[in-house]
Amino acid sequence: EDLGVRHRLWVYSGRRGVHCWVCDDAVRKWSPALRAAAVEYLTVVKVETVKKVNLSEPIHPFIRLVGTPLPGPAAAPHGVLSLPPLLRRRSVSVVEKYFEEYALVGQDILGSPESDFPKKRDSALRWELLKGRMERTRRAPGAGKSAPCYADWEIMLQYCFPRLDINVSKGLGHLLKSPFSVHPKTGRISVPLDLQRLDQFDPFTVPTISSLCHELDRAGDDGEQEDGGETEPKRRARDYKKTSLAPYVRVFEQFVEEMERARRGERLRRS
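In full-length UniProt numbering, the protein residues as written are 1 to 271.
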């Protein structure tokens with residue numbers, strides 16, 4: 001949204017990653033330098049450093065929480081950051097929704113007995129104490145002499161923000177797995193993601209090449225019983241609709257259809 005990109009197809013890699021295929025005509029013509037600048041803008045977690053996330057004033061608008069008070073003279077009226085409608089969902093506000101379940105409950109990152117929280121019994125309570133202390137440093141000027149501290153944001157981003165593959169994103173000649181290819185190590189199909197049902201997506205239930213072969217064999221047997229006069233190529237081309245791959249193909253088709261409608265609209269505006 002920040003870069004004005006409209007046509008984005010999110011595709012599961014088949015193992016641990018996710019690919020974002022950007023199909024806007026203008027973006028596809030970007031030079032490697034422009035691609036590198038876009039990736040740098042979106043890069044929050046630095047994998048090559050000991051401390052993966054470092055935040056300081058001024059906080060980049062891609063990261064800042066909506067409605068967070070701005071310390072110092074740059075504050076808007078009432079000390080609240082004002083953002084255009086398209087920029088309402090910032091990185092911190094997105095990862096905050098998943099941080100407690102993923103890091104505090106799932107990994108118990110503050111549960112060590114050596115942690116400096118003797119009066120708090122679990123990670124969730126310790127996190128609230130830490131977050132409160134950090135928020136006090138970010139209140140309006142005059143609340144304290146110390147500089148604003150964003151350690152809580154840094155921790156959330158380090159645990160929950162995706163790591164970007166810079167070389168793949170900026171290189172025009174880099175090899176990429178296309179949608180519906182097979183991951184060589186897991187056998188899973190690289191499938192498009194339905195963003196409307198993303199919370200229901202389970203990578204371990206994605207079709208594999210073996211499961212699809214079995215499903216196609218069953219569909220082929222049923223098809224022969226239903227219509228023995230249909231030619232083999234036509235029947236086999238239709239059989240995928242009877243497999244677990246069909247909903248993912250439909251997501252891909254809807255993406256292409258939406259892109260075609262946008263192109264037709266653009267041609268009409270230019271004519």
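For every residue, glycine included, the Cβ atom is placed at its ideal position computed from N, Cα and C.
As computed with DSSP, Trp21 is found in a beta bridge with Leu9. Looking at the backbone, the Cα of Ser146 and that of Glu57 are separated by about 13 Å. Taking Gln196 as reference, the option from Tyr248, Lys51, Tyr240 and Arg264 with the minimal CA-CA separation is Tyr248. For Gly111 and His60, the gap between their C-alpha atoms comes out near 31 Å. Nearest in C-alpha terms to Asp202, of all of Gly17, Ile166 and Pro148, is Gly17.
For the 9 Å CB-CB criterion, Phe252 and Pro162 do not form a contact. Annotated as proximal: Pro192 and Phe255, with beta-carbon spacing under 9 Å. Under the three-state reduction of DSSP output, Thr137 falls in the helix class. Residue pairing of Pro179 in beta bridges, as defined by DSSP: absent, with no partner found.
Judged by beta-carbon spacing, Leu42 lies beyond the 9 Å limit of Leu172, meaning their Cβ atoms are not closer than that value. Burial is judged here by how many other beta carbons sit within 10 angstroms of a residue's own beta carbon; Ile209 has fewer than 16 and is exposed.
For Cys213, the closest C-alpha among the options Asp194, Thr243, Trp30 and Arg250 is that of Thr243. Taking 9 Å as the cut-off, the Cβ atoms of Thr186 and Arg15 count as close.
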